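Heads up: the sequence shown runs through residues 1284 to 1422, numbered per this note's numbering.
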Amino acid sequence: MKIERRKTGIAEVYTASLNDIMFFLLLFFLIISTMVTPMALKVLLPHSSTAEQVAVKKNIMLVVTGDRQYYIDDQKVGFGEIESRLSAILKNNTTPDGKAVEYVVLLQADKSLNVQDVIDLVDIGNKLHVKTLLFVDKT
């Protein structure tokens, strides 16, 4: 009598889906690595007694609607109050850690306004010695 032996199965790992998984992991790490600020090299910087402090830039939003409503940082103000409110903001020109603050007025004016209305606001910025930038739409 002939006894049949069991055929031993060959152990195999199914790797067809492994390519898809590796592709998604690679894609995930590439996307995440672009979002992280690069701080790859840490260097000890030398000290200098004559170095100037770097100014921190802060923006002040000045919005003018088509019906001449004025807003400074989302707070409604009258036209006569704009100069005093801006000068009050500009007086605080240092941060708690002693760095100088450089302010920039970002002017958003409705396109239906007269040019003179916009120039009046730019003149206020010039009186206060602050840079004024006018926002426009790219067409």
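In this text, a Cβ means the ideal position worked out from N, Cα and C, and glycines have one as well.
The structure presented is a predicted model; accordingly, all values stated were derived computationally and were not measured.
Subject >> Inter-stretch contact at 8 Å, needing at least 3 Cβ pairs: the stretch 1342-1360 / the stretch 1396-1411 >> reply: Yes: the two stretches touch, three or more of their Cβ pairs being nearer than 8 Å.
**OP:** Pull up the CB-CB distance for Leu-1389 and Ile-1343, whole angstroms please, since I reckon it's below 8 Å.
**Re:** Position 106 of the sequence shown, counting from 1, holds the residue named residue 1389. Position 60 of the sequence shown, counting from 1, holds the residue named residue 1343. About 7 Å separates the Cβ atoms of Leu-1389 and Ile-1343, confirming a contact at the 8 Å cut-off.
Original post:
Taking Cβ to Cβ, would you say Ile-1407 is nearer than 9 Å to Glu-1366?
Top reply: Along the sequence shown, one-based indexing puts residue 1407 at 124. Along the sequence shown, one-based indexing puts residue 1366 at 83. Taking 9 Å as the cut-off, the beta carbon of Ile-1407 is found closer than this to the beta carbon of Glu-1366.
**OP:** Look up Lys-1290 in the DSSP assignment and say whether it is helix, strand or coil.
**Re:** Translated into positions along the sequence shown, residue 1290 becomes position 7. Reduced to three states, the DSSP call for Lys-1290 is coil.
Subject >> Alpha-carbon spacing of Leu-1416 relative to Lys-1374, whole angstroms >> reply: Indexing the sequence shown from 1 puts residue 1416 at position 133. Indexing the sequence shown from 1 puts residue 1374 at position 91. A straight line joining the alpha-carbon of Leu-1416 with that of Lys-1374 spans about 20 Å.
Original post:
Whose C-beta lies closer than 8 Å to the C-beta of Leu-1411 among residues of the same chain, with five residues either side of it excluded?
Top reply: Here the question's residue 1411 lines up with position 128 in the sequence shown. The beta carbon of Leu-1411 sits closer than 8 Å to those of Glu-1366, Leu-1369, Ser-1370 and Leu-1373, all from its chain and outside the five residues before and after it, given in chain order.
**OP:** With a 10 Å radius around its C-beta and 16 neighbouring C-beta atoms as the bar for buried, classify Ala-1294 as buried or exposed.
**Re:** Counting from 1 along the sequence shown, the entry for residue 1294 is found at position 11. Sixteen is the threshold: since fewer than 16 other Cβ atoms of the shown chains lie within 10 Å of the Cβ of Ala-1294, the residue is exposed.
Subject >> Reduced DSSP secondary structure (H/G/I, E/B, other) of Ser-1398 >> reply: The residue you call residue 1398 lines up with position 115 of the sequence shown. Note on residue identity: the sequence assigns Val, not Ser, to residue 1398. If DSSP states are grouped into helix, strand and coil, Val-1398 belongs with the helices.
**OP:** Measure the beta-carbon distance from Val-1346 to Asp-1400 and round it to whole angstroms, keeping in mind my assumption that it falls under 8 Å.
**Re:** Indexing the sequence shown from 1 puts residue 1346 at position 63. Indexing the sequence shown from 1 puts residue 1400 at position 117. A Cβ-Cβ distance of about 13 Å is found for the pair Val-1346 and Asp-1400, leaving them out of contact under the 8 Å criterion.
Original post:
Per DSSP, which one or two residues make a beta bridge with Lys-1341?
Top reply: By 1-based counting over the sequence shown, the position of residue 1341 is 58. Under DSSP, Lys-1341 shares a beta bridge with Tyr-1386.
**OP:** Quick one: give me the first and last residue of the alpha helix (DSSP H) that Lys-1254 is part of.
**Re:** For the chain, the structure presents residues 1284 to 1422; residue 1254 sits outside this window and is missing.
**OP:** May I have the straight-line CA-CA distance separating Phe-1418 from Phe-1312, to the nearest angstrom?
**Re:** On the sequence shown, position 135 is the one that residue 1418 refers to. On the sequence shown, position 29 is the one that residue 1312 refers to. Rounded to the nearest angstrom, the two C-alpha atoms are 36 Å apart.
**OP:** With a 10 Å radius around its C-beta and 16 neighbouring C-beta atoms as the bar for buried, classify Leu-1251 as buried or exposed.
**Re:** This structure cannot settle anything about residue 1251, because the visible part of the chain is limited to 1284 through 1422.
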